[in-house]
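Participant:
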Amino acid sequence: MNIIGEAIREELKREGLTQEKASNELGVDRTALSKYINGHLNVPSDIKNKLINDTNSARLLLAFNGSTFRCVDLDGVKKDFYTSSNKLIEELEEIIESIKKVQKFFHNAESIEDLNDKQVEKFEKMMEEVGDGFFACITIDSICSDMGADLKKRNLRCLIKYHERGYLSDSIFKEALQRNGLSQDFIDKYEDANDLREAL
Numbered sequence: 001m002n003i004i005g006e007a008i009r010e011e012l013k014r015e016g017l018t019q020e021k022a023s024n025e026l027g028v029d030r031t032a033l034s035k036y037i038n039g040h041l042n043v044p045s046d047i048k049n050k051l052i053n054d055t056n057s058a059r060l061l062l063a064f065n066g067s068t069f070r071c072v073d074l075d076g077v078k079k080d081f082y083t084s085s086n087k088l089i090e091e092l093e094e095i096i097e098s099i100k101k102v103q104k105f106f107h108n109a110e111s112i113e114d115l116n117d118k119q120v121e122k123f124e125k126m127m128e129e130v131g132d133g134f135f136a137c138i139t140i141d142s143i144c145s146d147m148g149a150d151l152k153k154r155n156l157r158c159l160i161k162y163h164e165r166g167y168l169s170d171s172i173f174k175e176a177l178q179r180n181g182l183s184q185d186f187i188d189k190y191e192d193a194n195d196l197r198e199a200l
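Residue numbers for the sequence shown follow UniProt numbering, beginning at 1 and rising by one.
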């Protein structure tokens with residue numbers, strides 16, 4: 001199973017849709033949908049967008065885009081490391097405060113539907129703060145890349161770390177490495193995480 005296929009399968013299940021019903025709603029042949037899920041056919045952009053918009057799924061956004069945001073370059077932001085790093089610190093502090101406020105009442109809730117109006121307002125404020133922090137992180141990444149930082153190498157090292165900690169299964173880890181530019185031959189050659197890390 002591949003990352004995208006697994007995400008599509010899970011979202012169809014969550015929505016209570018069979019492949020036949022989903023293919024009708026998407027306006028594609030059921031065989032094509034099956035090939036998207038099994039990784040035998042790339043999912044076209046219009047189908048990706050329809051799936052994301054119809055399900056409002058963070059999982060599909062992650063699978064298709066590598067992020068829960070559809071990133072844009074904040075071209076109105078002053079991009080120097082000092083200013084942007086201070087902004088990131090400020091945003092992270094606001095995220096922590098917002099999360100602490102939500103933790104006070106969300107620990108027994110299973111869904112946002114379990115919250116009252118005031119709690120929903122705090123929850124949505126927290127989500128907005130997380131979004132602001134995300135864009136502050138992306139801005140720092142952009143600045144560091146412009147300064148010569150190797151984001152690909154950083155991303156690969158993070159993937160290795162997440163796999164070692166058990167956050168990524170073997171199959172998802174290998175697919176993520178390929179999506180980040182490593183060939184299957186390279187991945188097979190460096191099965192051991194330490195060897196792979198050293199080879200980067």
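Every residue gets a Cβ at the ideal spot worked out from N, C-alpha and C, and that includes glycine.
(1) Going along the chain, which unbroken runs of the alpha helix (DSSP H) with 4 or more residues stay wholly within the segment 133-195?
(2) DSSP three-state call for residue 46: helix, strand or coil?
(3) Among 24, 45, 59, which one has its Cα closest to the Cα of residue 11?
(4) Which same chain residues, not among the five before or five after residue 187, have their C-beta less than 8 Å away from its C-beta?
(5) Assign residue 28 to one of three DSSP states: helix, strand, or coil.
(6) Rounded to the nearest angstrom, what separates residue 24 and residue 3 at their Cα positions?
(7) Let me check understanding here. Comparing Cα to Cα, which of 135, 63, 133, 112 lies closest to residue 124?
(8) Would you mind reading off the limits of the alpha helix (DSSP H) that contains residue 5?
(9) Could you tell me whether the segment 31-48 touches the segment 92-106, using the rule of 3 or more Cβ pairs below 8 Å?
(10) My output table needs one value for residue 109: the three-state DSSP class, helix, strand or coil.
(11) Taking all protein chains shown into account, do 16 or more other C-beta atoms lie within 10 angstroms of the C-beta of residue 82, making it buried, or fewer, making it exposed?
(12) Taking buried to mean at least 16 other C-beta atoms within 10 Å of its own C-beta, is residue 57 buried or exposed?
(13) Once DSSP output is grouped into helix, strand and coil, what is the label at residue 98?
(14) Just how far apart, CA to CA, sit residue 205 and residue 156?
(15) Here's the rule I'm using: 16 or more other beta-carbon atoms within 10 Å means buried, otherwise exposed. How should residue 120 be labelled?
(16) Just to confirm the assignment, what range does the alpha helix (DSSP H) spanning residue 61 have?
Facilitator: Taking the coordinates as given:
(1) Counting only runs of at least 4 residues, the segment 133-195 fully encloses the following alpha helix (DSSP H) elements, listed from N- to C-terminal order: 151-164, 170-179, 184-189.
(2) In the structure shown, residue 46 sits in a helix (DSSP, three-state: H, G or I).
(3) In this structure, 59 is the residue among 24, 45, 59 with its C-alpha nearest to the C-alpha of residue 11.
(4) 174, 177, 178, 196.
(5) Note: residue 28 maps to coil in three-state DSSP.
(6) Answer to the nearest angstrom: the Cα atoms are 23 Å apart.
(7) Distances from the alpha-carbon of residue 124 to those of 135, 63, 133, 112 put 112 closest.
(8) In the DSSP assignment, residue 5 falls within the alpha helix (DSSP H) that extends over 3-15.
(9) No, because fewer than three Cβ pairs between the segment 31-48 and the segment 92-106 fall closer than 8 Å, the two stretches do not touch.
(10) Here residue 109 carries a coil assignment [DSSP, helix/strand/coil].
(11) It is exposed - the Cβ of residue 82 has fewer than 16 other Cβ atoms within 10 Å.
(12) Around the beta carbon of residue 57, 16 or more other beta carbons sit within 10 angstroms, so the residue counts as buried.
(13) DSSP places residue 98 in helix when its eight states are reduced to three.
(14) Here the chain comprises residues numbered 1 to 200, so residue 205 is not present and cannot be evaluated.
(15) Flag for residue 120 reads exposed.
(16) Element bounds for residue 61: 58-65.
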